[in-house]
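Residue numbers (the numbering used here), protein chains in the order written: chain A, 50 to 430; chain C, 516 to 858; chain P, 344 to 879; chain S, 2 to 326; chain Y, 637 to 985.
First up is the structure itself, then whatever we jot down about it.
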Ligand SMILES: Nc1ncnc2c1ncn2[C@@H]1O[C@H](COP(=O)(O)OP(=O)(O)OP(=O)(O)O)[C@@H](O)[C@H]1O
Ligand SMILES: Nc1ncnc2c1ncn2[C@@H]1O[C@H](COP(=O)(O)OP(=O)(O)OP(=O)(O)O)[C@@H](O)[C@H]1O
Ligand SMILES: [Mg+2]
Ligand SMILES: [Mg+2]
Ligand code: NI
């Protein structure tokens with residue numbers, strides 16, 4: 050099993066595009082909120098734009114609760130969006146149900162985050178796979194053709210021999226097997242776009258690798274456009290052509306995977322890559338964990354109900370400038386390869402006016418007492 | 516190497532009884548030394564959690580401990596076998612000597628009690644003569660220790676973020692300054708930033724307080740970075756045990772080797788990921804001999820017939836141990852007569 | 344202490360009489376004119392308020408006994424009555440009872456139709472001296488007792504101040520009777536005897552306790568264990584359930600009155616429009632069985648006379664030709680009668696003249712267990728002459744509607760009761776009440792019996808001015824009834840009660856039937872006045 | 002708060018709908034109160050009296066349903082429930098006022114006792130599955146499957162009689178006047194023992210069962226395992242952790258059953274001749290006493306709604322999670 | 637993954653064990669049969685089946701016509717009349733046998749109807765949410781608020797001839813509200829489950845999602861609701877007959893009790909008139925409740941008594957399976973001298 054180098058894959062045609070996608074969830078207010086004008090909302094996703102291309106994998110990384118899953122569900126039209134647009138082959142779509150919804154989901158399929166929750170415990174694998182085939186007219190005519198289609202699906206996700214799994218109930222499957230059933234179900238609709246929400250987070254490394262290889266293979270064979278959501282930046286590096294970083298509901302950086310992971314531009318991305326566990330770092334170091342390596346977390350993630358003004362990362366940013374607290378940074382291009390970051394650090398004028406870090410929070414008071422800082426770990430590379 | 520604090524000998528844990536039983540942990544021997552971090556990794560379903568619950572006897576029905584010993588070496592006094600304690604003794608032993616942090620902090624904290632109540636509860640249970648004020652002061656200190664401001668004491672669990680809850684659990688685990696802290700995937704649900712924050716604090720606290728940690732995760736890279744020694748489980752048994760750096764540098768067991776070649780690294784040059792072919796064994800119908808042999812690329816005749824014992828390989832560092840016929844232990848060799856069966 | 348319950352010991356013998364009624368919790372309401380008041384429901388209104396005359400329903404033909412009035416003189420056509428009010432009676436507040444009070448009371452009843460629960464068409468009442476003349480719009484020969492015995496006399500000086508006597512609960516009743524209200528709770532009302540001023544010798548019973556039990560079985564239990572000493576309730580198997588509990592003291596006396604129960608037949612439905620068939624049916628219905636099985640052997644005294652008049656209350660009214668003629672079960676006679684009239688008994692099925700099998704649907708409300716049992720027995724009897732009966736346990740409201748509208752084949756029901764047999768026959772045979780099927784006739788003639796002779800006789804009886812005319816009319820009625828059998832009489836209503844002689848004696852009984860034994864009748868006052876402590 | 006507002010609107014709507022139904026349903030029924038009165042007094046009220054009764058009850062006025070409805074609401078808003086037919090002219094409010102305390106006293110106390118006792122036993126049964134408390138379950142199920150009235154009648158037959166401590170009927174000894182004194186209170190208590198025991202026996206197993214199931218469910222929660230791991234005492238884990246959390250779902254059931262108290266346990270009241278509201282309702286239905294029926298329905302409606310609201314609030318107080326913004 | 641999955645609202649068949657898929661079909665069959673392995677449920681089912689049988693054959697096996705009067709008036713149980721006779725000499729055994737049908741018919745029809753209504757209202761409200769939910773919730777709240785028994789009394793009095801079927805319909809139409817409430821709450825929590833979302837994302841139609849994804853997961857609640865309604869319906873029917881309200885002409889156990897009460901059987905000492913009907917009702921209720929236990933334990937893995945709760949160990953001790961104190965089975969060998977490092981015990985078991 051090999052995960053091939055994939056950085057060189059040609060950029061295909063845009064299949065699905067998010068333009069200024071925004072989702073606010075209303076929340077139950079407290080007593081005092083009653084008297085305020087605006088109802089409280091969770092700013093789960095704000096102004097997210099990107100494109101999924103044929104035969105390419107786009108990774109979406111970011112901290113917990115930054116809105117990654119919400120983006121995927123929005124793209125699958127499971128939530129109505131608050132603002133923005135979703136374009137399938139360039140045409141704006143907004144479907145809630147009915148025939149047009151089914152036509153849409155035939156092309157765009159979602160694999161939900163939790164493999165333990167997304168299979169109905171009362172149904173067999175057969176039921177789970179037959180449904181998309183039938184709904185989207187891929188079941189063929191007669192029981193034999195259906196059986197062939199089912200066997201084919203299972204074989205494609207490497208669940209062999211298929212007859213061993215067809216009549217199993219979800220609880221009789223391991224996590225990796227479940228995940229593959231979920232993927233097979235999505236493939237049953239024969240889609241153009243696959244939205245895979247953390248398909249591997251719960252699996253051990255060997256099973257994880259199997260699933261990723263499968264997706265890689267599908268991308269290449271079927272020319273699928275894939276959105277790959279993950280916490281595991283290292284796998285994004287290996288697996289995705291393009292990587293987008295989200296923080297608190299906003300996109301903060303995007304570009305070619307290798308570039309984003311190896312030369313992160315946005316301070317948050319640097320924090321992220323710096324925090325990722327990396328055995329290479331300690332090999333040869335004096336045994337045991339080195340506490341001084343612990344990176345400063347820079348406090349808690351922001352509230353999404355009242356997100357910070359300006360750059361949402363500024364309260365935790367070691368290089369914050371005054372402008373960061375007031376003005377929302379636009380996408381600023383870093384190099385021609387398409388690498389961009391939403392950070393004032395890449396606006397020459399701003400940096401000139403106000404040195405980076407001048408408005409940074411007093412880290413010592415917010416950081417836990419026992420930690421010593423090692424700012425900007427990613428920079429060093 | 517320092518003194519052992521927890522010695523697990525021949526621990527066997529089953530789910531169910533008789534023929535129906537799933538033997539989830541099979542004859543596990545493991546030693547945790549004072550002050551060290553012992554990482555435990557392995558395949559999903561290999562029995563890591565079962566081991567952790569079993570040695571503290573917290574396994575819910577139908578789990579039963581069907582044999583073995585769990586010796587806890589007190590700082591003063593003779594070792595006790597946790598498996599022979601009466602419920603009352605067990606209660607007194609728990610938390611004061613060994614505390615546990617489970618994976619889901621949301622589920623570990625009682626949703627209807629304040630954080631302070633839950634902290635007080637544990638102190639009062641073990642130190643009945645402590646005063647209210649004393650307990651409160653201690654609770655404050657504990658929260659501060661894990662970097663949460665003391666005014667969060669009166670919060671309910673749901674008012675805290677996932678990371679905070681996990682840190683509250685860690686604070687609670689340290690409340691009685693136990694010798695051993697067991698952590699079962701304490702950070703799996705968190706993002707890497709939060710994970711690093713928590714583990715950093717933990718490492719710092721360990722240095723200060725000197726407890727030993729049994730750390731379970733399947734994130735190998737994390738384990739390599741965070742622990743002193745690593746044990747790898749497969750099919751209910753420990754298959755390899757070694758200092759972290761040594762294990763990462765050179766895995767002896769083919770399964771460990773497979774694992775190390777399964778995870779992508781964030782930094783450094785891209786390398787080839789090979790993975791492990793095949794699928795996990797069925798605990799009800801384990802393969803004969805070495806459980807890994809059907810998937811093992813280097814399997815040879817003895818692997819099929821006989822179970823390799825776990826021991827220091829003859830040709831390597833004595834601090835390591837492996838259960839593989841490729842690296843026969845000093846004493847053991849293939850073809851050794853079949854050992855006695857259990858009744 | 345100063346609690347209202349202080350010094351109250353149950354069973355302090357010979358001063359208290361415990362009276363019970365199965366009427367459920369009561370609301371405090373002592374208005375003597377309202378049927379819905381606790382005073383009426385439990386009957387204690389008659390211990391506080393008195394009527395002008397005392398009438399004995401057990402012996403309806405007997406003369407009225409003077410009470411608040413010493414004398415009552417009817418005009419020949421019975422449209423007015425002149426009463427002489429006794430001059431030694433006082434209200435419990437000490438004021439004298441006067442003719443003014445009496446006239447006021449009748450004017451009150453006239454003025455407020457809602458208070459006129461007897462429906463007597465009063466036109467006025469005038470007092471002069473100690474005499475009051477009460478006038479009515481029509482002859483009231485058959486309603487004498489409604490005028491003189493049924494109207495509680497109230498004090499004018501208090502009642503003229505009452506704004507709306509139809510909605511006033513009269514929390515502090517003041518009457519001329521021997522008792523005054525002591526306390527009221529929804530379960531129990533207590534009366535104490537007046538310390539002075541009652542016009543007769545005061546009663547020996549110092550305190551009357553009226554307890555309202557929620558239902559028959561609770562009341563029966565209370566009677567059986569002695570909690571209640573006097574009540575009116577249906578006791579199944581009363582010998583075992585009640586009498587046997589204290590053979591010596593527990594007694595039941597259930598005299599009949601002039602009101603009966605029986606099987607109404609719809610005389611418009613074929614083949615029940617045939618009097619022969621009805622007479623034959625009468626011949627096979629076992630009244631004695633119904634009396635013993637359904638009515639526990641006492642509750643609805645068996646009507647033996649062929650005329651449907653109960654004994655002994657109706658004895659004096661029975662026409663000479665029917666005197667001594669008693670109903671007997673006679674299956675063979677019935678068969679003969681039917682065969683003679685063209686019916687055919689085909690095995691176990693009776694075929695009418697057209698050859699159709701005779702069947703009948705009997706109906707009564709589901710909850711009325713004595714009627715239901717009676718129907719079972721009727722069914723048994725009818726089957727002996729080949730009539731297949733089915734029993735329908737109807738819903739009560741529907742049953743009421745259907746019976747009044749004539750939508751039934753056969754049903755057990757009561758007739759109204761009164762001082763003469765007039766009320767019985769009127770309920771069954773009154774052509775003036777004849778309505779087409781589907782139109783309600785609430786006042787009677789449910790079977791749609793159409794007989795000019797009977798109607799004329801009823802009119803004649805009510806309006807007659809001499810005894811001979813009345814007798815003639817009544818004889819006609821009886822003859823029509825016996826010939827046509829529009830309703831098959833079975834049992835009479837009783838006006839008795841269950842009582843205990845453990846603490847009190849002097850109750851009316853067969854040996855001394857001085858009055859009705861129902862605690863809710865005006866006679867109750869008379870009964871209480873007769874009571875003596877046991878053993879004295 | 003918007004939530005509360007929303008709930009309030011919701012409750013108001015429900016109240017309106019229920020009250021309207023309360024108004025309509027009795028009117029759909031054939032038959033009228035006069036007829037019922039006559040049937041109650043078979044033959045002893047003459048046909049001539051019908052007219053007088055109709056006048057008395059005000060049934061002679063011809064009002065359209067709509068006019069009656071408007072009147073009805075006017076009355077309710079004035080706190081006037083009208084005059085009862087059965088006890089004419091006693092105001093419905095007086096009738097209810099007379100019987101409500103009895104029902105609330107008997108059924109209220111037994112409901113609470115039943116809940117407490119049942120919950121306690123349920124905690125025991127759920128905590129130690131397979132112990133003797135748990136073994137009690139089929140027996141209590143059997144008891145709760147017996148109709149109330151049957152159990153009551155048997156209790157009367159077995160336990161009452163001359164010389165027995167238990168009276169067979171009523172709320173207190175005849176002759177006593179309700180008052181808080183040494184005569185009345187013991188009598189009232191004595192009279193309530195059997196009915197209360199009947200209700201208790203038949204209603205408790207429901208609580209036992211639901212509490213047991215909740216306990217079993219909660220016992221396998223992680224935080225219980227953690228509580229054990231913390232070495233807390235058995236009592237503390239069982240009560241402070243397991244029972245405390247298992248109680249939550251039962252609280253709303255309990256609050257609702259408090260609301261149904263007012264409806265009384267009709268049959269128990271009938272069987273024991275207990276002067277409560279349930280019995281009155283039964284009578285009112287039988288006698289077509291619309292005003293009384295409506296009045297009692299209104300009280301029940303309001304108390305169920307209030308109990309519902311209480312359940313919401315109690316949940317809010319007991320479960321900090323719902324307090325979340 | 638921890639081995640104790642936990643969330644209050646999880647009533648779905650267990651997960652956690654990764655059993656070999658090869659045994660799948662066999663396990664599924666076992667899963668179904670497990671219901672019968674539960675002693676309580678089996679007892680309940682057997683008793684219920686007995687009642688069902690009675691309902692069918694009762695009138696034929698009845699030794700007498702239940703209406704027929706005989707000379708044996710108010711006789712205690714004897715060889716001739718096993719359950720004794722009434723005041724009319726009717727055979728009580730025959731009345732019970734004949735009455736079973738009416739009771740069963742009313743109970744089952746009302747149960748089915750109420751269950752269907754509660755599913756219709758509750759699940760729809762819970763799934764659709766929004767205005768539909770508010771409306772349907774309000775309707776069920778209104779039905780919840782209206783006292784059921786008086787309502788049934790009133791409604792039965794509207795119609796002249798209340799047949800068994802009608803009584804069943806009325807009870808069914810008034811008894812669904814509670815079930816609807818519970819189902820709504822549960823549906824509300826299921827609606828946002830990932831597998832429902834996943835079904836939507838697959839393109840399933842709404843009715844299919846409700847019918848095939850949500851309903852099967854509500855089985856336990858629906859079944860226990862059904863059992864509860866049947867008990868309620870039977871009790872209501874019997875109560876109606878007992879207080880003499882319903883106009884059902886046929887025999888049922890309530891009618892028997894009505895006659896017994898009307899004749900004050902207990903005061904007369906005729907216990908045999910009361911006891912059989914009461915016991916028949918109680919036994920039916922118990923049977924249904926036992927089935928309820930079975931369903932609960934069948935569908936909710938947590939309630940399932942996992943084998944024995946007490947186990948006998950090899951050395952003869954008895955240990956209890958309980959949360960928090962895992963039993964230790966094998967006798968612990970004498971404490972050997974503590975050794976450093978691991979040993980290679982290679983026993984196969
Ligand atoms: N249905 C919802 N109602 C209200 N808030 C929601 C809803 N779904 C998500 N959120 C909120 O939106 C934010 C983004 O959630 P989302 O699940 O998209 O994060 P994520 O990036 O996928 O996190 P994770 O990595 O933990 O999966 C979170 O704060 C979450 O609480
Ligand atoms: N209640 C149970 N009944 C039967 N088998 C069980 C039960 N619980 C767990 N098992 C089995 O026991 C084995 C060990 O499970 P355990 O949870 O200890 O694995 P783990 O190593 O912690 O895996 P993970 O990394 O996925 O958490 C698994 O194969 C599982 O299928
Ligand atoms: Mg997510
Ligand atoms: Mg685990
Ligand atoms: Ni009568």
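Note that beta-carbon positions come from the ideal geometry of N, C-alpha and C, so glycine has one too.
Contacts of residue i in chain S (Cβ-Cβ under 7 angstroms)
i              : result
residue 724(Y) : Going along chain S, no residue has its Cβ under 7 angstroms from residue 724(Y), so there is no contact; the nearest lies around 20 angstroms.
Top-ranked residue by Cα proximity to residue i, from the options
i              : options                        : result
residue 413(P) : 429(P), 423(P), 846(P), 421(P) : 429(P)
residue 242(S) : 622(C), 544(C), 702(C)         : 622(C)
residue 327(A) : 790(C), 679(C), 781(C)         : 781(C)
Counterpart residues of residue i in DSSP-defined beta bridges
i              : result
residue 688(P) : 693(P)
residue 479(P) : 465(P)
residue 359(P) : 550(P)
Contacts that residue i makes with chain C (C-beta to C-beta distance below 7 angstroms)
i              : result
residue 962(Y) : 569, 572, 573, 574, 578, 579, 580
Chain-ordered neighbours of residue i on chain P, where CB pairs are closer than 8 angstroms
i              : result
residue 172(S) : 530
residue 793(Y) : 738, 739, 740, 741
Contact list for residue i against chain Y, beta-carbon separation under 8 angstroms
i              : result
residue 602(C) : 961
Contacts of residue i in chain Y (Cβ-Cβ under 7 angstroms)
i              : result
residue 184(A) : 838, 839, 840
Heavy atom of ligand 7 within 6 angstroms of residue i beta-carbon
i              : result
residue 218(S) : You won't find ligand 7 in this model; what it holds is ligand 1, ligand 2, ligand 3, ligand 4 and ligand 5.
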